[in-house]
Amino acid sequence: MRARNLAVVLATIHRSGPHTRAALAERTGLTKTTVSSLVADLLEAGVVTESGAVRGGERGRPGVAVSLSGHRVAAMGLEINIDYLAACVVDLTRTVRLRRTRPADNRNSAPARILAELRDLVKETTAEAESAGLRVIGAALAVPGTVEGGVLRSAPHLGWRDVRVSGLVDVPFALDNEANLAALGELWFGSGANDFLYVSGEIGVGAGLVVEGDLFRGTFGLAGELGHVVVVPDGPDCRCGGRGCLEAYAGQDALLGELTSVRELVARLESGDPGAAQAVERAGHALGVALTSAVHLLDPGRIVLGGIFAPLFRWLAEPVSEELRARLGPMRGTPPALVVSGTGADAAVLGAAGLIIQRIIAEPAQLLGM
Numbered sequence: 001m002r003a004r005n006l007a008v009v010l011a012t013i014h015r016s017g018p019h020t021r022a023a024l025a026e027r028t029g030l031t032k033t034t035v036s037s038l039v040a041d042l043l044e045a046g047v048v049t050e051s052g053a054v055r056g057g058e059r060g061r062p063g064v065a066v067s068l069s070g071h072r073v074a075a076m077g078l079e080i081n082i083d084y085l086a087a088c089v090v091d092l093t094r095t096v097r098l099r100r101t102r103p104a105d106n107r108n109s110a111p112a113r114i115l116a117e118l119r120d121l122v123k124e125t126t127a128e129a130e131s132a133g134l135r136v137i138g139a140a141l142a143v144p145g146t147v148e149g150g151v152l153r154s155a156p157h158l159g160w161r162d163v164r165v166s167g168l169v170d171v172p173f174a175l176d177n178e179a180n181l182a183a184l185g186e187l188w189f190g191s192g193a194n195d196f197l198y199v200s201g202e203i204g205v206g207a208g209l210v211v212e213g214d215l216f217r218g219t220f221g222l223a224g225e226l227g228h229v230v231v232v233p234d235g236p237d238c239r240c241g242g243r244g245c246l247e248a249y250a251g252q253d254a255l256l257g258e259l260t261s262v263r264e265l266v267a268r269l270e271s272g273d274p275g276a277a278q279a280v281e282r283a284g285h286a287l288g289v290a291l292t293s294a295v296h297l298l299d300p301g302r303i304v305l306g307g308i309f310a311p312l313f314r315w316l317a318e319p320v321s322e323e324l325r326a327r328l329g330p331m332r333g334t335p336p337a338l339v340v341s342g343t344g345a346d347a348a349v350l351g352a353a354g355l356i357i358q359r360i361i362a363e364p365a366q367l368l369g370m
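Residue 211 in the UniProt record's numbering sits at position 211 of the sequence shown, and the numbers go up by one each step.
Right, dumping it as structure tokens:
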């Protein structure tokens, strides 16, 4: 019962705080004595702080405000991507305290080598966090592949199958698909919308559906494989074994061609390079075709383009919208709003850290060993 009450009080502070202890008692239905005892535990755990004087004390007297603390407890988000490793540390107020990225060529690399490099990045980032007075109490890792039971089942672009990721950190650890965590990153750190389809452009193309503030994962956690929606039935072979998949037209490799980076592609687009413009326009039309099917099936009110699609948004938006308007037709009405991600390339690693923060809010008793 005490563990449940701790969660109720912390969730109330997180959702609508700061509050005085008297206001917390009123909002939670708990007694003032119980709330005071619970707040004392949360103060000891370092997840809340008291500061300032606000109205809401007994008999109209000013009370002390209880709010989330960003000074002691933090979460770590990690990401393995095709061409980089990333880590970030986020405190309980969802303020990013540290960001670290290491360029790397991870295609068809031995898992042991990549995980060893990531472990070094974790140690380095953890040490920096500790020097700033933060205790990292959990971590989550975003990976470009399917995840089941804590095992990375398949990551074709890495060349990995059935890789168990362990030993990276000495704190509670979670593993999830990059697009899923990117959608959660957009939810918690982006525009603030609670209903949207997030489209993650990377080497592959993934998607995450957020409905009323929750991520829809599907029966087996595999929802969102937008990159393997067929957009041209007799198109080129795809590494998934199919043909004409969206990834072959709008994935990073298809967009870049002989170029070495998205930054270089953007520079070519800004200079009016016709080849670059043609590649992005083709990707936009293919993406619009795939999203038409997604709209018919899922009926999202908003589509968010993230990952590499974010810096390319001003060139992608028109061909994507053109396909949606043409293919949805008058019966569907106005197409969903098409917007650019507010988190850009950091969406997945932020979502990974945010996942741990949500778990702390939901189960603060774990910090107290209850």
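C-beta: ideal position from N, C-alpha, C; glycine also.
For this session: Return the chain-ordered ranges of every alpha helix (DSSP H) run that is complete within the UniProt domain "HTH marR-type" (9-50) and spans a minimum of 4 residues.
Result: 21-28 and 32-45
Exercise. Which residues in the same chain as L118 place their Cβ atom closer than 7 Å to its Cβ, once the five residues preceding and following it in sequence are excluded?
Worked result: L78, I80, L85 and L168
Problem set entry | Reduced DSSP category for R319 - H, G, I as helix; E, B as strand; rest coil | Residue identity check: residue 319 is Pro in the sequence provided, not Arg. Residue state, collapsed to three classes: helix.
For this session: Since I believe V304 is in contact with V211 (beta carbons under 8 Å), could you give me their beta-carbon distance rounded to a whole number of angstroms?
Result: About 14 Å separates the two Cβ atoms, so there is no contact after all.
Exercise. Which residues bound the alpha helix (DSSP H) around E295?
Worked result: It is worth fixing the name first, because residue 295 is Val in this sequence and not Glu. Looking at the DSSP string, the run of the alpha helix (DSSP H) that includes V295 is P274 to L298.
For this session: Identify the continuous beta strand (DSSP E) that holds I356 and give its terminal residues.
Result: Note, I356: premise wrong, no beta strand (DSSP E); alpha helix (DSSP H) at A347 to A362.
Problem set entry | Cross-strand partners of E117 (DSSP beta bridge) | BP columns for E117 are empty, so no partner.
Exercise. So, is L297 buried or exposed, given that buried needs 16 or more other C-beta atoms within 10 angstroms?
Worked result: exposed
Exercise. Ends of the alpha helix (DSSP H) at E178?
Worked result: E178 to F189
Problem set entry | Whole-angstrom C-beta distance between G63 and A3, which should lie under 8 Å | Actually they do not touch by this definition, with Cβ atoms about 26 Å apart.
Exercise. Can you give the beta carbon distance from L226 to A182, rounded, assuming they're within the 8 Å contact cut?
Worked result: Actually they do not touch by this definition, with Cβ atoms about 12 Å apart.
For this session: Express the C-alpha separation of A127 and G56 in angstroms, rounding to a whole number.
Result: The pLDDT assigned to G56 is 49, lower than 50, so where the model puts this residue is not dependable, and the model offers no usable value.
For this session: Could you spell out where the beta strand (DSSP E) holding V136 opens and where it closes?
Result: R135 to V143
Exercise. Residues bridged to residue 372 by DSSP?
Worked result: Because the chain is modelled from 1 through 370, residue 372 falls outside the range shown and cannot be assessed.
Exercise. Just checking, does the segment 154-172 make contact with the segment 341-349 on the three C-beta pairs under 8 Å criterion?
Worked result: no
Problem set entry | Proximity to S293 [Cα-Cα], best of V262, V9 and R332 | R332
For this session: Rank D120, V229 and P18 by C-alpha distance to the C-alpha of Y249 and give the top, closest one.
Result: V229
For this session: Leaving out five residues on either side along the sequence, give the residues of the same chain with a beta carbon under 6 Å from the beta carbon of G17.
Result: S67
Exercise. For A127, does the three-state DSSP call read helix, strand or coil?
Worked result: helix
Problem set entry | Closest residue to D91 among R107, A365, L368 and L355 (Cα-Cα distance) | L355
Exercise. Is DSSP giving F216 helix, strand or coil here?
Worked result: strand
Problem set entry | 7 Å Cβ cutoff met for E148 and A348 | no
Exercise. When you compare each of S69, R314 and A116 to S51 by their alpha carbons, which one comes out closest?
Worked result: S69
For this session: Can you tell me which of the three DSSP states L175 falls into?
Result: strand
For this session: Look at the alpha carbon of P311 and the alpha carbon of G133, and state the distance between them as a whole number of angstroms.
Result: 35 Å
Exercise. G284 to R164, Cα distance in whole Å?
Worked result: 36 Å
Exercise. Under a Cβ-count criterion, where at least 16 other Cβ atoms within 10 Å of its own Cβ denotes burial, should H19 be classed as buried or exposed?
Worked result: buried
Problem set entry | Own chain, CB closer than 6 Å to A142, minus 5 neighbours either side, in chain order | E79, E178, L181, A348 and A352
Exercise. Is F196 helix, strand or coil by DSSP?
Worked result: strand
Exercise. What residues in its chain sit with their C-beta under 8 Å from that of G235, if we drop five residues either side in the sequence?
Worked result: R243, G244, C245, A248 and Y249
Exercise. Whole-angstrom Cβ separation of L38 and N5, contact assumed at under 8 Å?
Worked result: 6 Å
Exercise. For A87 versus R100, is the C-beta spacing smaller than 7 Å?
Worked result: yes
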